[in-house]
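Protein chains in written order, with this note's numbering: chain W, 0 to 292; chain B, 2 to 241. All residues carry an ideal CB built from backbone N, CA and C; glycine is no exception. Right, one structure below, let's go through it.
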C-alpha cells in the first residue's frame, strides 16, 4: 500500500503539470478548431526563458518568474495568431495549411534555439531542487509539489477568467457557436487572438513549472507533445476541464504503472487506457456532441 | 433607417439574392415572407454580415454597412436572432442573457433589460440557472429572442421565430413579441412561414421568390386583396 502511494502521489503531482500543458492546447482547439502542433515548442521556448532568467545573471527563481513568462507568451501567442494563424482558420479547406503552418513554426523554434544554445541539455537547479519532505512514509519532492500547486492555481485562475470575465464568456460563446457569438457583437478575430495567447501562455507556464526537474534541450517538446495530445483527446476534444482531468489521469497511470512494470513502458499503459476509453467513449471522457470548453 | 439597393449575394458563386431593393423606416416593423430557398435568411445574414454581399449597397442611418465587420454592425444596433435559435447550450440562461448585452451600450443596462425580457417571457424567470441546452424548444426560442432584446436593438431581426415549434409554443413567442413592441420603439424585421402571425405585428411585408422581391405591400393591402393573400399567404389565407 505504501509502495502504491509512493507512486500515486508523484503521479498526481506531475499529472497536474500535464494538465496545465494540455489545457492550453485544449483551449486553442476548443475555440478555433486549430490543432497547434507547435504547442510543445512554445513550452520549450518558455523553458529556455526560465533558464535564461535563472542562469543568465538574474538568478530569478523559476517559480517567481512565472508571471513574466505568462505575459511574454501571452503577447507572443497573440502576435503569432495575428501574423499567421488568423489566415488559416475558419475555412474547412484550411486544415492542411494549419497542420503545415504549426509544424513549421515548431521546427523553426527548435532550430533557432539549436543555433543559439546548441543541443547541450540545460538545467535549472535552485537551492531547494533536491529538497523534499516525508509525509508518513511518502517522500514528496519540493519542486514537484510547487509545480503542482502552481498548476492548480493557474487552473483556478483560468476557470475564473472563462466563467466570470466578459472576455472569458465571449471566448466560451465563440467556441460553442461562432456565428451566434457574432450576432452578440463579439469580435471573433479578437477572441481567437486572446484565446491563442492565453492557450500558449498556459502551456508556457507549464513549461516553467517543469524546468526544476526536467532538463532542457531544443527537442524537449517531443517528450511532452504526445502526453499533451493524449490528455486533450482523453478529456474530450475542445473541453478545457476535460484536458485537466486527462492530464492528471495520464500522470497517475505513468507513475503507478511503475509499481508493476518498468518505467520504460509507462506510456504503453497510457495508450492502453487511452484506446480503452476512446473505445467506450469515442468523444472522450467529457466530450459532448454539443461542444463546450 | 435601413436602405438596401440592388443587393446581390450568394454562396460560392451560386446567387441567392438578385438585385434586392429593401427598406425599413425608423420604428417600422417589416415582415419578409416567401417559400423556402427564396433568400429570406440570406438577406438577414447579408445585413448582419455573416454572408458577404457581391454587389449593391446597404445603408444604415445613412452609413455604408458593407465595409463594416459583423460585430461593428451589432454595435450600430442591428441585432440578429438567427434561425434555429443558436442559443449557447452549455451555458446557463443567465449567461446567455449576459452575452446578449455584450454590445457596449447594453452593458450598463443589463439588469434593467433583464427585468424587461423576463416580463416579456415570464417562463424564463424560473430558469436562469439552467443550461440553455436543458430548455424545451419553445423556451430556447424565447431565450433566443430575449437574448437579442438584451442588446437594446435599434433594428431587431427575427429569423423564423416559430420554426419547429408546436402551435401553442409559437403563439407564446408571438405574444411575447407583441408585448415587447408595446414597450420598445425598435424597428424590426420578421422572417416567417406563419404569414398571418407575422403580419399581426408588422406594418409592411416583402414577399421574396427565387432571390427577388416579388411583392411589396402594406399588411392591409395584403390581407384585403384575396388574390394576393391566396397567392402569397398560402391556401385558405384571407378566408374567415
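CB-CB length for residue 88(B) against residue 141(B), believed under 8 Å: The sequence position of residue 88(B) within the second chain is 87, counting from 1. The sequence position of residue 141(B) within the second chain is 140, counting from 1. That belief holds up - the Cβ atoms of residue 88(B) and residue 141(B) are roughly 5 Å apart, short of 8 Å.
Under 8 Å, Cβ to Cβ, is there at least one residue of chain C near residue 76(B)? Structure shown: chain C not included; protein chains present are W and B.
If I follow the unbroken beta strand (DSSP E) through residue 224(W), where does it start and stop? Residue mapping note: residue 224(W) aligns to position 225 of the first chain, counting from 1. Run containing residue 224(W): none in the beta strand (DSSP E); it sits in the alpha helix (DSSP H), 220–234.
Here's a check: name, in chain order, each residue in its chain whose Cβ is nearer than 8 Å to the Cβ of residue 239(W), leaving out the five neighbours to either side. Position 240 of the first chain, counted from the first residue, corresponds to residue 239(W). If we look at residue 239(W) and ignore the five residues flanking it on each side, its Cβ neighbours are 22, 25, 26, 29, 157, 161 and 292.
Spatial distance of residue 191(W) from residue 178(W) (CA atoms): In the first chain, residue 191(W) corresponds to position 192, counting from 1. In the first chain, residue 178(W) corresponds to position 179, counting from 1. Computed Cα separation, rounded: 13 Å.
Ends of the alpha helix (DSSP H) at residue 182(W)? Stepping through the first chain from its first residue, residue 182(W) is reached at position 183. Element bounds for residue 182(W): 177–182.
Reducing DSSP to helix, strand and coil, say where residue 207(B) ends up. As a working mapping, residue 207(B) is identified with position 206 in the second chain. Correct three-state label for residue 207(B): strand.
Contiguous beta strand (DSSP E) assignments of at least 3 residues, all confined to the region 4–39 of chain B: 15–25 and 30–34
Can you tell me whether residue 104(B) is helix, strand or coil according to DSSP? Reading the second chain from its first residue, position 103 is the one you call residue 104(B). Coil.
Can you tell me whether residue 228(B) is buried or exposed, with buried defined as 16 or more other CB within 10 angstroms of its CB? Here residue 228(B) refers to the residue found at position 227 when the second chain is read from its first residue. Residue 228(B) is exposed by the Cβ-count criterion.
Taking 8 Å as the CB-CB cut-off, is residue 183(W) touching chain B? What you label residue 183(W) is simply residue 184 of the first chain in a count that begins at 1. Yes, residue 183(W) lies at the interface with chain B (some Cβ there is under 8 Å from its Cβ).
Name, going along the chain, the residues of the region 163–190 of chain W whose beta-carbon falls closer than 7 Å to a beta-carbon of chain B. 168, 169, 171, 172, 175, 176, 178, 179, 181, 182, 183, 184, 185 and 186
Need the endpoints of the alpha helix (DSSP H) that residue 150(W) sits in, please. The count along the first chain starts at 1 and reaches residue 150(W) at position 151. Looking at the DSSP string, the run of the alpha helix (DSSP H) that includes residue 150(W) is 141–163.
For my contact list, residue 37(W) and residue 86(W) are in at a C-beta cut-off of 8 Å; report their separation, rounded to the angstrom. One-based indexing of the first chain puts residue 37(W) at position 38. One-based indexing of the first chain puts residue 86(W) at position 87. Between residue 86(W) and residue 37(W) the Cβ distance is about 15 Å, and since that is not below 8 Å, they are no contact.
Helix, strand or coil: which one does DSSP assign to residue 45(W)? Counting from 1 along the first chain, the entry for residue 45(W) is found at position 46. In this structure, residue 45(W) counts as helix in the three-state DSSP scheme.
Complete beta strand (DSSP E) runs within the region 43–74 of chain B (minimum length 3 residues, chain order): 54–61
Taking DSSP as the reference, what is the three-state secondary structure of residue 196(W)? On the first chain, residue 196(W) is found 197 positions in, with the first residue counted as 1. Correct three-state label for residue 196(W): helix.
In chain W, which residues lie less than 7 Å from residue 51(B) when you measure between Cβ atoms? Counted from its first residue, the second chain places residue 51(B) at position 50. Result: 178 and 181.
Taking Cβ-Cβ distances below 7 Å as the criterion, which residues of the region 83–114 of chain B are in contact with chain W? 83, 87, 89, 90, 91, 92, 96, 99, 100, 101, 103 and 104
With a cut-off of 8 Å, does the C-beta of residue 152(B) fall near any C-beta of chain W? Mapped onto the second chain, residue 152(B) falls at position 151. Closer than 8 Å: yes.
Under DSSP, the beta strand (DSSP E) around residue 192(B) begins and ends at which residues? What you label residue 192(B) is simply residue 191 of the second chain in a count that begins at 1. From DSSP, the beta strand (DSSP E) with residue 192(B) extends over 188–192.
Under a three-way DSSP split, which group does residue 26(W) fall into? For the purposes of this step, residue 26(W) is identified with residue 27 of the first chain, where counting begins at 1. It is helical.
How far does the beta strand (DSSP E) with residue 68(W) in it reach, from first residue to last? As a working mapping, residue 68(W) is identified with position 69 in the first chain. Here residue 68(W) belongs to no beta strand (DSSP E); instead the alpha helix (DSSP H) covers 65–82.
Counting only Cβ pairs nearer than 7 Å, list the residues of chain W close to residue 71(B). Taking the first residue of the second chain as 1, we reach residue 71(B) at position 70. Under the 7 Å cutoff, chain W gives 181.
Can you tell me the Cα-Cα spacing of residue 131(B) and residue 93(B), whole angstroms? For the purposes of this step, residue 131(B) is identified with residue 130 of the second chain, where counting begins at 1. For the purposes of this step, residue 93(B) is identified with residue 92 of the second chain, where counting begins at 1. So the alpha carbons of these two residues sit roughly 5 Å apart.
Please go through the same chain and pick out, in chain order, the residues whose beta-carbon is closer than 6 Å to the beta-carbon of residue 121(W), but skip the five residues on each side of it. As a position in the first chain, residue 121(W) is number 122, starting the count at 1. 50 and 215, listed in sequence order.
The ligand MN and residue 225(B): does the residue's C-beta get closer than 7 Å to at least one heavy atom of that ligand? What this structure holds is no ligand at all, so the ligand MN is not there to describe.
What did DSSP end up calling residue 185(B) once you bin it into helix, strand or coil? The residue labelled residue 185(B) in the question sits at position 184 within the second chain. Coil, per DSSP.
Alpha-carbon spacing of residue 236(B) relative to residue 169(B), whole angstroms: Start at 1 with the first residue of the second chain, and residue 236(B) comes out as number 235. Start at 1 with the first residue of the second chain, and residue 169(B) comes out as number 168. Caution applies to residue 236(B), whose pLDDT of 47 falls short of 50 and renders its modelled position unreliable; the value that the coordinates give is listed next. So the alpha carbons of these two residues sit roughly 21 Å apart.
Can you say whether residue 240(B) is buried or exposed, counting buried as having 16 or more other CB atoms within 10 angstroms of its CB? For the purposes of this step, residue 240(B) is taken as residue 239 along the second chain, with counting starting at 1. Reliability fails at residue 240(B), whose pLDDT of 38 lies under 50, so the model's placement of it is uncertain and the value that follows must be treated cautiously. Answer is exposed; the Cβ neighbour count stays below 16.
For the alpha helix (DSSP H) containing residue 95(W), name the first residue and the last one. Taking the first chain and counting its residues from 1, the one referred to as residue 95(W) is at position 96. Start and end: 94–116.
If the cut is a Cβ gap below 9 Å, which residues of chain W does residue 81(B) touch? Counting from 1 along the second chain, the entry for residue 81(B) is found at position 80. Ordered by position in chain W, the residues that pass the 9 Å Cβ test against residue 81(B) are 181 and 182.
Which residues share a DSSP beta bridge with residue 131(W)? On the first chain, residue 131(W) is found 132 positions in, with the first residue counted as 1. DSSP output for residue 131(W) lists 140(W) as bridge partner(s).
Starting from the Cα of residue 10(W), find the closest Cα among 147(W), 111(W) and 128(W) and give me that residue. On the first chain, residue 10(W) is found 11 positions in, with the first residue counted as 1. The option with the nearest alpha carbon to residue 10(W) is 147(W).
Spatial distance of residue 7(B) from residue 23(B) (CA atoms): Translated into the one-based positions of the second chain, residue 7(B) becomes position 6. Translated into the one-based positions of the second chain, residue 23(B) becomes position 22. Approximately 9 Å between the Cα atoms of the pair.
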